[in-house]
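Student: In this text, residue positions in the sequence shown follow the numbering used here: the first is 2, and each later residue adds one.
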Amino acid sequence: MNPALRYLGGYPENLIEQVSRLIETDKLGAWLEQRYPHKHNIKSEKALYDYVQGIKSQYLKKSSPISKVAYDGKIHVVNNALGLHSFVSRAHGGKLKAKNEIRIASMFKDAPEPFLRMLVVHELAHLKEKDHNKAFYQLCCHMEPDYHQLEFDARLYLIHLETSADNKA
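Set out below in structure tokens:
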């Protein structure tokens, strides 16, 4: 089995076989390109912050504020994750200050916008739901009705990035 298929753990075998055929016939990239032809132009951290705030203000107005949003080049390698939501508490002048931060894997700087949106929605959902439970995924689907499809397709995107990099090496 192709090591990149580890992103599909828990998915049905017939789906994994379909993806394997796309990889073997070198058609996964073309399939993704056809389905998601446009990459986003949210390159700076300020633009990313504004993008996240726009989604947050639409769906989570009463949730805790976000102090920082950033692209992070170390996330995927170190944490085996695509995005991180951190809740940082610091003592400041005798008071406890809490800050929410969202970090997105920098590999998504050049991704199609729906994948970035899915990651942002996922991390924003952690403002209300810390665990990946039913309420968490319901909130994700409220903010992005195609959440589950986009999550699967983002996994295919990661597989494509790894397998196309392997083919170039």
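Cβ coordinates follow ideal geometry from the N, Cα and C atoms, glycine included.
Note that the coordinates shown come from a computational prediction; the quantities given were computed from them, not determined experimentally.
Grab me the residues of residue 145's own chain with a C-beta within less than 8 angstroms of its C-beta, minus the 5 sequence neighbours each way, in chain order.
Tutor: The answer, listed in chain order, is 118, 119, 122 and 151.
Student: Which residues share a DSSP beta bridge with residue 70?
Tutor: Residue 70 pairs with 103.
Student: With distances taken from CA atoms, which of 63, 149, 67 and 39 is nearest residue 52?
Tutor: Measuring from the Cα of residue 52, the nearest candidate turns out to be 67.
Student: Please report the straight-line C-alpha distance between residue 136 and residue 130, rounded to a whole angstrom.
Tutor: When rounded, the distance between both Cα atoms is 7 angstroms.
Student: Roughly how many angstroms separate the alpha carbons of residue 128 and residue 58, rounded to a whole number?
Tutor: Cα-Cα distance, rounded: 13 angstroms.
Student: Taking residue 37 as the reference, give the member of 111, 141 and 143 with the closest Cα.
Tutor: If we check each option's Cα against that of residue 37, 111 comes out closest.
Student: In the DSSP assignment, the alpha helix (DSSP H) including residue 58 goes from what residue to what residue?
Tutor: Element bounds for residue 58: 46 to 60.
Student: Ordered along the chain, which non-local residues of its own chain (more than five positions away) have a Cβ less than 8 angstroms from that of residue 154?
Tutor: The answer, listed in chain order, is 33, 36, 37, 115 and 116.
Student: Express the C-alpha separation of residue 39 and residue 22 in angstroms, rounding to a whole number.
Tutor: Cα to Cα, residue 22 sits roughly 24 angstroms from residue 39.
Student: How is residue 115 classed by DSSP in three states: helix, strand or coil?
Tutor: It is helical.
Student: To the nearest angstrom, how far is it from the Cα of residue 7 to the Cα of residue 44?
Tutor: Near 28 angstroms, if we compare the C-alpha coordinates of residue 44 and residue 7.
Student: Restricting to Cα atoms, I'd like to know which of 14, 48 and 15 is closest to residue 72.
Tutor: It is 48 whose Cα lies nearest to the Cα of residue 72.
Student: Just how far apart, CA to CA, sit residue 42 and residue 132?
Tutor: So the alpha carbons of these two residues sit roughly 31 angstroms apart.
Student: Could you have a look at residue 9 and say whether DSSP puts it in helix, strand or coil?
Tutor: Residue 9: helix per DSSP, three-state reduction.
Student: Less than 8 angstroms between the beta carbons of residue 164 and residue 56, yes or no?
Tutor: Contact flag unset, no.
Student: Return the CA-CA distance between residue 157 and residue 29, expressed in angstroms with no decimal places.
Tutor: Computed Cα separation, rounded: 8 angstroms.
Student: Going by beta carbon distance, what residues of the same chain come within less than 7 angstroms of residue 15, once the five residues before and after it are set aside?
Tutor: Contacts found: none.
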